[in-house]
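Structure first, then comments.
Residue numbers (the working numbering), protein chains in the order written: chain P, 1 to 223; chain D, 224 to 383.
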């Protein structure tokens, strides 16, 4: 069962690297990464670090709170301040060690370029995620202050927050690794290597005769 | 493109109130299963809906995102986006979901014991390690399925 061995080997190697690199990140790398993230994000939002390590962010946002029973005149808003716990900010830096673990598990050969390029991409993604999170949180705060009960707007904010906090930081490292590491991509999606063999899908073949899926006869080179 | 669309739709549907309510019921069922597993293995625990409580006072609740529905959606999106016969897709969806849910039970029980040992390690394992390992497992499950699809396709071709 060479294929199963390949999978098992990759799974074991990637799991071990994930555990090792995440522990290294947790104890050593998280602080310098947070510092770099703070410096980069500081170009877009004002960030102050409290003695506890938590961050206070000031997000510029132009909005006007309409007059209500409790607020007799419309009130302009130019920024929103909010705190974010250090443990929560950590979530915007941990995608990098996950990405390194996958790339290193995929094999050292021809890994330098995807490692460097992916590191740059993931770093940009983490910064963008933090900024999107800031915007969603600030707009949510303004909507609450304004007493805006628009359910669809709230759902969109919840959805965006779910994506940037709970979904994408875990998924993006894998997607970027598959996009940049040719060996890993070739092993999982074999059609680029051997276009002759195909999986017959009667309905699909009726619609598109030319579309085919390659088989995985060719052994994975770097895995 | 299809993968991204399926993923976004899946997560979007997951956040709708009706599905959230079903999601909570599913979490309770998983906690009941985990509770049964702990007792069957000679451990001690009590259960209150989606909360598993240790005799020492530690308690762990299975919330949204802890029931592996998110990685199941990820796997389903990948399988649905991959061009394969529907019979193979159904097999991948069912078998893959079963594998991921089994792993998630292992994750939940391990976190239950880890939390009694150290909250710092619990936070680390809960927030980062186990979640990343589950996504890695999802990728490998998908990879195994793609291999199976390709092998059956090749056998079919060889027989034709």
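A virtual CB, placed ideally from N, CA and C, is assigned to each residue, including glycine. Since the model is a prediction, treat every value here as computed from it, not as a measurement.
Interface flag for residue 284 of chain D against chain P is unset, since no Cβ pair is found closer than 9 Å.
If only uninterrupted beta strand (DSSP E) runs of at least 3 residues are considered, none is enclosed by the stretch 126-188 of chain P. Against chain D, the beta carbon of residue 7 of chain P has neighbours under 7 Å at 363, 366 and 367, listed in chain order.
Pairing residue 232 of chain D with residue 89 of chain P, the inter-Cα distance amounts to about 27 Å.
For residue 82 of chain P, the uninterrupted beta strand (DSSP E) run begins and ends at 75-84, by DSSP. For residue 162 of chain P, the residues of chain D that pass the 7 Å Cβ criterion are 234 and 238, in the order they occur in the chain.
As the crow flies, the alpha-carbon of residue 8 of chain P is around 30 Å from that of residue 259 of chain D. Taking 9 Å as the cut-off, the beta carbon of residue 294 of chain D is found closer than this to the beta carbon of residue 358 of chain D. Per DSSP, residue 240 of chain D is one residue of the alpha helix (DSSP H) stretching across 240-263.
Within chain P, the residues whose beta carbon sits less than 7 Å from that of residue 351 of chain D are 22 and 94, listed in sequence order. The C-beta of residue 358 of chain D comes closer than 9 Å to at least one C-beta of chain P. The secondary-structure analysis by DSSP pairs residue 286 of chain D with nothing; it has no beta-bridge partner. The stretch 96-111 of chain P makes contact with the stretch 182-190 of chain P, as at least three CB pairs between them are under 8 Å. Around the beta-carbon of residue 289 of chain D, 16 or more other beta-carbon atoms lie within 10 Å, marking it buried.
No Cβ-Cβ contact shorter than 9 Å links residue 333 of chain D with residue 298 of chain D. The straight-line gap separating the alpha-carbon atoms of residue 21 of chain P and residue 101 of chain P is approximately 7 Å. In terms of Cβ geometry, residue 177 of chain P and residue 97 of chain P do not form a close pair [threshold 9 Å]. Runs of the beta strand (DSSP E) spanning 3 or more residues and lying entirely within the stretch 279-328 of chain D occur at 282-284, in chain order. Remark: C-beta atoms of residue 52 of chain P and residue 86 of chain P approach each other more closely than 9 Å.
Listed by position along chain P, the residues whose Cβ is nearer than 7 Å to that of residue 347 of chain D are 26.
Residue state for residue 97 of chain P is assigned as helix, using DSSP reduced to three classes. The beta-carbon distance between residue 77 of chain P and residue 67 of chain P, rounded to whole angstroms, is 14 Å. This is too long to meet the 8 Å contact definition.
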